Amino acid sequence: MLKIIIPTIMLIPTALLTPQKLLWTSTTTYSMMIATLSLQWLTPTYYPHKNLSQWTGIDQTSSPLLALSCWLLPLMILSSQNHLQQEPTLRKRMFITTMIVVQPFIILAFSATELTLFYIAFEATLIPTLILITRWGNQPERLSAGIYLMFYTLISSLPLLVTILYLHTQTGTLHLPTLALSHPRPTNHWTTMLSSLALLTTFLVKAPLYGLHLWLPKAHVEAPIAGSMLLAALLLKLGGYGIMRVTILTGPLPSLILYPFLTLALWGALMTSSICLRQTDLKALIAYSSVSHMGLVVAATMIQTHWSFSGAMILMISHGLTSSMLFCLANTNYERTHSRILLLTRGLQPILPLMGLWWLLANLTNMALPPTTNLMAELTIMTSLFNWSYTTLILTGMATLLTTAYTLSMLLTTQRGMTPTHFTSIQNSTTREHLLMALHIIPLLLLILKPELIS
Numbered sequence: 001m002l003k004i005i006i007p008t009i010m011l012i013p014t015a016l017l018t019p020q021k022l023l024w025t026s027t028t029t030y031s032m033m034i035a036t037l038s039l040q041w042l043t044p045t046y047y048p049h050k051n052l053s054q055w056t057g058i059d060q061t062s063s064p065l066l067a068l069s070c071w072l073l074p075l076m077i078l079s080s081q082n083h084l085q086q087e088p089t090l091r092k093r094m095f096i097t098t099m100i101v102v103q104p105f106i107i108l109a110f111s112a113t114e115l116t117l118f119y120i121a122f123e124a125t126l127i128p129t130l131i132l133i134t135r136w137g138n139q140p141e142r143l144s145a146g147i148y149l150m151f152y153t154l155i156s157s158l159p160l161l162v163t164i165l166y167l168h169t170q171t172g173t174l175h176l177p178t179l180a181l182s183h184p185r186p187t188n189h190w191t192t193m194l195s196s197l198a199l200l201t202t203f204l205v206k207a208p209l210y211g212l213h214l215w216l217p218k219a220h221v222e223a224p225i226a227g228s229m230l231l232a233a234l235l236l237k238l239g240g241y242g243i244m245r246v247t248i249l250t251g252p253l254p255s256l257i258l259y260p261f262l263t264l265a266l267w268g269a270l271m272t273s274s275i276c277l278r279q280t281d282l283k284a285l286i287a288y289s290s291v292s293h294m295g296l297v298v299a300a301t302m303i304q305t306h307w308s309f310s311g312a313m314i315l316m317i318s319h320g321l322t323s324s325m326l327f328c329l330a331n332t333n334y335e336r337t338h339s340r341i342l343l344l345t346r347g348l349q350p351i352l353p354l355m356g357l358w359w360l361l362a363n364l365t366n367m368a369l370p371p372t373t374n375l376m377a378e379l380t381i382m383t384s385l386f387n388w389s390y391t392t393l394i395l396t397g398m399a400t401l402l403t404t405a406y407t408l409s410m411l412l413t414t415q416r417g418m419t420p421t422h423f424t425s426i427q428n429s430t431t432r433e434h435l436l437m438a439l440h441i442i443p444l445l446l447l448i449l450k451p452e453l454i455s
């Protein structure tokens, strides 16, 4: 554990003290080395916890998410080079430091075996993202987006803290392996219900359940590209991971809690997909699509079967890479045309033909085409939900139909059609951007060859 966390923390003085000429290269190569080192966690094992130290340990549940979070740091640094070119050196250093500071917290949150440490790391990821959004966003609305993000997260995480303290008084320990062994003694019916509700609300806001998702499109639209990638790929996964961890403790959920949340998640997948069809803003469209995908994850983790857990895991990993790639593509468009409106950025394929190929690949993975892990995950989730109750098939089937519809419409509006006349001079796509897209899509296509790494 420490051989990843300590180099990640040492990235901060690296970013602050490197000479300016070597700033981007050194931070990117260093974080790539950390990312390749973190791939060792993926080796499948039958032990419940690998690399177990006193507070952290790596599970079959958390190792894919840990590898994903280490993998995304160099990609975030790569993607934000262009829009920081005009800034003075000190601000570049500050930006890279903010991106790096969030990384140890995410690693701690995914690998904590102790609930209080998990809570602290879960809350601490909020601060650097807030700084990224409210300082480096593009429009003045970024302040309201930051306020939305902060209040949604803080208000929802208060019940979690109270319930964690209550659990501590009840069982006398918060160590997760110990808690899994000691069965919570059956107290009052209302107590179990309220505690499981309080444990769930935090993570349902974080992995936005439809109805609690309003902070997400706002934050995504206003954030810089690194903030968007961080939010879409890692912070949303904290929600799904937290549900997985916590529902094992509470035992089977009471149906009074299960039914409304499950209905909301599936109905929300349907609703957000149909919102995507009439969306004008590219980044908001991708943000809403991630709400609909995470709705499937929430529905799967609610019913707590082995199949649905592994499906939710695979979907979280593949969605992290896919939506992050889509945000990078939207950002390359935005840097060239300075507009996120879909109608103003039409017909880019004749101008940037190679980018058209990346767009096609990203959209095909987003709508779950057969050779991708997205399809495998969605099929697993759908079969487990169908096994749980037959009527869910209507909702999930409609949601996939709408997903393909809005993905194809996004592809067609951005790549096809008449090129608008106001594109007089557009820079070519750089090698850096091609490398960025390749590093997103190659792991996705390789994972289908050995999917037991992430299930």
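Under UniProt numbering, the first residue of the sequence shown carries the number 1, and numbering increases by one thereafter.
Yeah, the Cβ is synthetic: ideal placement off N, Cα and C, and Gly gets one too.
Since the model is a prediction, treat every value here as computed from it, not as a measurement.
- Two segments are said to touch when three or more pairs of C-beta atoms, one from each, lie closer than 8 Å; by this definition the segment 401 to 413 touches the segment 268 to 277.
- In the structure shown, Lys-283 adopts helical secondary structure according to DSSP, grouped into three states.
- Residue state for Thr-113 is assigned as coil, using DSSP reduced to three classes.
- Beta bridge pairing from DSSP links Thr-56 with Ala-112.
- Here Glu-452 is exposed: its Cβ has fewer than 16 other Cβ atoms, across all protein chains shown, within 10 Å.
- Secondary structure of Lys-50 (DSSP, three-state): strand.
- Per the C-alpha coordinates, the member of Met-355, Gly-397, Ala-399 and Leu-385 positioned closest to Leu-435 is Met-355.
- Restricting attention to Pro-128, Ile-441, Ile-6 and Leu-179, the CA atom closest to the CA of Ala-362 is found in Ile-441.
- The Cβ-Cβ distance between Leu-385 and Ile-303 falls below 8 Å.
- Secondary structure note for Lys-206: its alpha helix (DSSP H) is the uninterrupted segment 189 to 206.
- Inclusion of Val-291 and Gly-320 in the CB contact set at 8 Å is not warranted, their separation being larger than that value.
- The bridge partners DSSP lists for His-175 are Glu-114.
- Remark: C-beta atoms of Val-102 and Thr-125 approach each other more closely than 8 Å.
- The three-state secondary structure of Ile-448, taken from DSSP, is coil.
- Between the segment 188 to 203 and the segment 155 to 175, the count of C-beta pairs closer than 8 Å reaches three or more; the two stretches touch.
- Thr-18 is a Cβ neighbour of Ser-26, given a cutoff of 8 Å.
- For the pair Thr-113 and Thr-171, the Cα-to-Cα distance works out to about 16 Å.
- Spanning the alpha carbons of His-293 and Gly-239 requires a straight line of approximately 13 Å.
- Closest by C-alpha distance to Arg-142, out of Ser-196, Ser-62, Lys-218 and Ser-156, is Lys-218.
- If you look at Pro-88, you'll find it isn't in any alpha helix (DSSP H); DSSP assigns it neither H nor E.
- Nearest Cα to Tyr-166 within the set Leu-212, Thr-116, Ile-225 and Ala-299: Thr-116.
- For Leu-236, same chain residues with a beta-carbon under 6 Å away, outside a window of 5 residues either side, are Ala-207 and Met-294 in chain order.
- Beyond the five residues adjoining it in sequence on each side, Leu-282 comes within less than 6 Å, by CB distance, of Ala-330, Arg-340 and Leu-342 in the same chain, given in chain order.
- Ser-324: member of the alpha helix (DSSP H) spanning 306 to 337, first to last residue.
- Here Ile-341 is bridged, per DSSP, to Asp-281.
- For the pair of segments examined, the segment 345 to 354 was found not to touch the segment 256 to 267: the number of CB pairs separated by less than 8 Å stays below three.
- When rounded, the separation of the alpha-carbon atoms in Phe-327 and Pro-443 is 17 Å.
- Using a Cβ distance threshold of 8 Å, Leu-270 and Met-367 do not count as a contacting pair.
- At least 8 Å separates the beta-carbon of Leu-395 from that of Leu-216.
- In the structure shown, Thr-125 falls within a coil segment according to DSSP collapsed to helix, strand and coil.
- If you draw a straight line from the Cα of Thr-29 to the Cα of Ser-38, it comes to about 14 Å.
- In this structure, the alpha-carbon of Ser-324 lies about 15 Å from that of Thr-129.
- Assigned with DSSP and collapsed to three states, Met-367 falls in coil, not helix or strand.
- With a contact defined as Cβ atoms closer than 8 Å, Leu-132 and Pro-48 miss out at about 35 Å.
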